[in-house]
Amino acid sequence: MRFGNLELYLVNAGTFMMDGGAAFGLVPKVLWERELPADKLNRVPMAANCLLIQGEGQRILVDTGMGTKLSEKERGFFSLADDGGLEAGLAKLGLGVGDIDIVINTHLHSDHCGGNTKLVDGKPVPTFPRARYWIQRREWSDALYPNERTQATYLASNLVPLSESGQLELKSGNVRVAPSVECQVTRGHTYAHQSVIVKSQDLVAIYLGDVAPFTVHMERIAWIPAFDAEPLETVETKRSLLRWALEQHALLIFGHDTRIPMGYLQREGDGYRVEPARSW
Ligand SMILES: [Zn+2]
Numbered sequence: 063m064r065f066g067n068l069e070l071y072l073v074n075a076g077t078f079m080m081d082g083g084a085a086f087g088l089v090p091k092v093l094w095e096r097e098l099p100a101d102k103l104n105r106v107p108m109a110a111n112c113l114l115i116q117g118e119g120q121r122i123l124v125d126t127g128m129g130t131k132l133s134e135k136e137r138g139f140f141s142l143a144d145d146g147g148l149e150a151g152l153a154k155l156g157l158g159v160g161d162i163d164i165v166i167n168t169h170l171h172s173d174h175c176g177g178n179t180k181l182v183d184g185k186p187v188p189t190f191p192r193a194r195y196w197i198q199r200r201e202w203s204d205a206l207y208p209n210e211r212t213q214a215t216y217l218a219s220n221l222v223p224l225s226e227s228g229q230l231e232l233k234s235g236n237v238r239v240a241p242s243v244e245c246q247v248t249r250g251h252t253y254a255h256q257s258v259i260v261k262s263q264d265l266v267a268i269y270l271g272d273v274a275p276f277t278v279h280m281e282r283i284a285w286i287p288a289f290d291a292e293p294l295e296t297v298e299t300k301r302s303l304l305r306w307a308l309e310q311h312a313l314l315i316f317g318h319d320t321r322i323p324m325g326y327l328q329r330e331g332d333g334y335r336v337e338p339a340r341s342w
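Going by the numbering used here, the first residue of the sequence shown is number 63, and it counts up by one from there.
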């Protein structure tokens with residue numbers, strides 16, 4: 063799928079079930095369930111949509127999904143269905159793990175960086191042997207020293223092997239990754255969450271990460287997951303991104319939406335609506 067001088071591909075690393083209250087925070091269930099019906103256990107489906115950016119002599123992978131290190135019990139807890147997961151998705155594009163030059167993690171929650179590493183002889187090792195892993199310094203320290211609220215999602219096995227192998231690239235703030243690709247800190251979900259902006263020719267796209275897991279989180283500024291470390295910062299981050307996305311006519315790429323993984327923002331009355339994009 064061409065995007066200016068680049069090629070962009072969505073790679074599905076699996077689908078899992080997450081508590082609906084966690085996904086929508088303060089929003090009453092009677093409201094969010096109109097958007098996304100829950101199952102018997104009050105859960106909603108979440109995709110792990112990773113983004114492959116190919117061009118300018120590099121292959122960049124944004125986020126790595128849940129990975130393959132989960133126990134059967136953990137897979138059952140999430141009802142994880144991954145059909146071969148990230149590696150199978152890359153193989154469909156004719157790519158192996160050795161073809162990835164850069165991995166960017168938007169943040170280090172386990173559904174975004176679980177595929178950073180995999181088990182070999184029972185030990186976690188980097189999944190992508192040649193890749194540099196670009197991670198915000200603040201996010202790295204928050205993840206390595208979690209607290210009681212974050213320790214279930216910040217897992218050392220997704221992280222420590224990267225520093226041990228010397229593949230870690232810690233970054234502070236907004237940073238250019240390649241001529242057409244930059245990371246922009248989009249604070250709120252975590253203190254140093256980053257989104258990835260791609261600009262080529264006249265086209266602009268943004269991989270939002272968990273700034274807006276689903277399209278409805280972008281359409282409604284006050285709809286914020288219960289996971290967010292700084293929900294009021296998320297409000298301000300989304301407010302400026304909404305303005306920017308309209309001005310730039312940016313393609314929005316959603317990390318967790320199973321129905322509309324990408325679309326364009328439009329004004330609708332006093333609010334916003336995401337118009338699905340079938341391709342770019
Ligand atoms: Zn997530």
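We put the CB at the ideal spot given by N, CA and C, even for glycine.
The structure displayed is predicted, hence computed values, not measured ones.
Here's a check: name, in chain order, each residue in its chain whose Cβ is nearer than 7 Å to the Cβ of residue i, leaving out the five neighbours to either side.
| i | result |
| --- | --- |
| Q246 | N236, Q256, S257, I259 |
| L217 | S172 |
By the DSSP assignment, the beta strand (DSSP E) with residue i in it spans what residues?
| i | result |
| --- | --- |
| Q120 | 120-124 |
| V73 | 68-81 |
| W196 | 194-198 |
| Q229 | It is not in any beta strand (DSSP E) - Q229 carries neither H nor E in the DSSP assignment. |
| K131 | It is not in any beta strand (DSSP E) - K131 carries neither H nor E in the DSSP assignment. |
| S257 | 256-262 |
| G325 | 324-330 |
| E244 | 243-247 |
| I315 | 313-315 |
| Q116 | 105-117 |
| P186 | 185-188 |
Check each candidate in the options and name the one with the smallest Cα separation from residue i.
| i | options | result |
| --- | --- | --- |
| D145 | V159, K135, G127, P90 | G127 |
| Y326 | D319, L308, C112 | L308 |
| H160 | V106, A267, E149 | The identity of residue 160 in the sequence shown is Gly, whereas the question assumes His. Among V106, A267, E149, the Cα nearest to that of G160 is on E149. |
| L113 | Q263, A284, F65 | F65 |
| L68 | K102, V273, I122, L93 | I122 |
| E201 | K131, E330, G250 | G250 |
| S133 | S302, G87, G184 | G184 |
| D81 | L72, M280, I268, W94 | W94 |
| T277 | L313, K233, A254 | L313 |
| V263 | N167, P241, P275, L270 | Before going on, a small fix: residue 263 reads as Gln here, not Val. Comparing Cα-Cα distances from Q263 to each of N167, P241, P275, L270, the minimum goes to P241. |
| T143 | G119, H171, N74, G117 | According to the sequence as given, residue 143 is Ala; it is not Thr. Measuring from the Cα of A143, the nearest candidate turns out to be N74. |
| D204 | H171, V187, W196, P188 | H171 |
| G271 | F316, R321, K261 | F316 |
| F86 | P275, L217, I164, L72 | P275 |
| G83 | N104, G76, L70, G117 | N104 |
| G331 | M324, Q213, E281, K300 | E281 |
| Q116 | F78, K300, V165, P90 | V165 |
| V124 | I197, R301, G333 | I197 |
| K261 | K91, R321, E118 | E118 |
| P323 | H311, I268, R301 | I268 |
| V239 | Q120, K131, L72, L88 | Q120 |
| T212 | K91, V92, T252, Y71 | T252 |
| V89 | H279, R329, R321 | H279 |
| G333 | H318, R301, C175 | R301 |
| H311 | Q328, P188, T320, T215 | Q328 |
Taking residue i as part of the alpha helix (DSSP H), name the residues at either end of that continuous run.
| i | result |
| --- | --- |
| R137 | 134-140 |
| V89 | No alpha helix (DSSP H) contains V89, which DSSP labels as neither H nor E. |
| R340 | Where R340 is concerned, there is no enclosing alpha helix (DSSP H), given that its DSSP letter is neither H nor E. |
| R238 | No alpha helix (DSSP H) contains R238, which is instead part of the beta strand (DSSP E) from 237-240. |
| V273 | Where V273 is concerned, there is no enclosing alpha helix (DSSP H), given that its DSSP letter is neither H nor E. |
| E295 | 293-310 |
Considering only residues of the same chain and omitting the five flanking positions on each side of residue i, which have a CB-CB separation below 6 Å?
| i | result |
| --- | --- |
| E210 | none |
| P186 | T179, S219, P223 |
I'd like the list of long-range same chain contacts for residue i, defined as Cβ closer than 8 Å, with 5 residues on each side in sequence excluded.
| i | result |
| --- | --- |
| V297 | G250, I283, A284, I286 |
| R199 | L232, K233, S234, A254 |
| T248 | H255, Q256, S257, L270, G271, V273, T299, L303 |
| F78 | P107, M108, A110, M128, F140, S141, L142, A143, D173 |
Check: With contact counted as at least three CB pairs below 8 Å, one residue from each stretch, are the segment 330-342 and the segment 287-302 in contact?
Finding: no
Margin query: Please give the ranges of any beta strand (DSSP E) in the segment 144-182, keeping only runs that are unbroken, at least 3 residues long and fully inside the region.
Written below: 164-166, 179-182
Next item on the list: State whether the segment 130-138 contacts the segment 152-162, with contact taken as three or more CB pairs (one from each stretch) at a distance under 8 Å.
Entry: The segment 130-138, when compared against the segment 152-162, does not touch it at the 8 Å Cβ threshold.
Notebook entry, point to check: Taking contact to mean at least 3 C-beta pairs separated by less than 8 Å, is the segment 216-230 in contact with the segment 178-188?
Noted result: yes
Notebook entry, point to check: Taking contact to mean at least 3 C-beta pairs separated by less than 8 Å, is the segment 90-101 in contact with the segment 297-308?
Noted result: no
Margin query: Contact between the segment 104-113 and the segment 227-243 is defined here as three or more beta-carbon pairs at a separation below 8 Å; is this criterion met?
Written below: Taking a contact to require three or more Cβ pairs closer than 8 Å, the segment 104-113 and the segment 227-243 do not qualify as touching.
Notebook entry, point to check: Counting Cβ pairs closer than 8 Å, one from the segment 160-169 and one from the segment 186-202, do we hit at least three?
Noted result: yes
Notebook entry, point to check: ligand 3: which residues have Cβ under 5 Å from any of its heavy atoms, chain order?
Noted result: This structure lacks ligand 3; its bound ligands are ligand 1.
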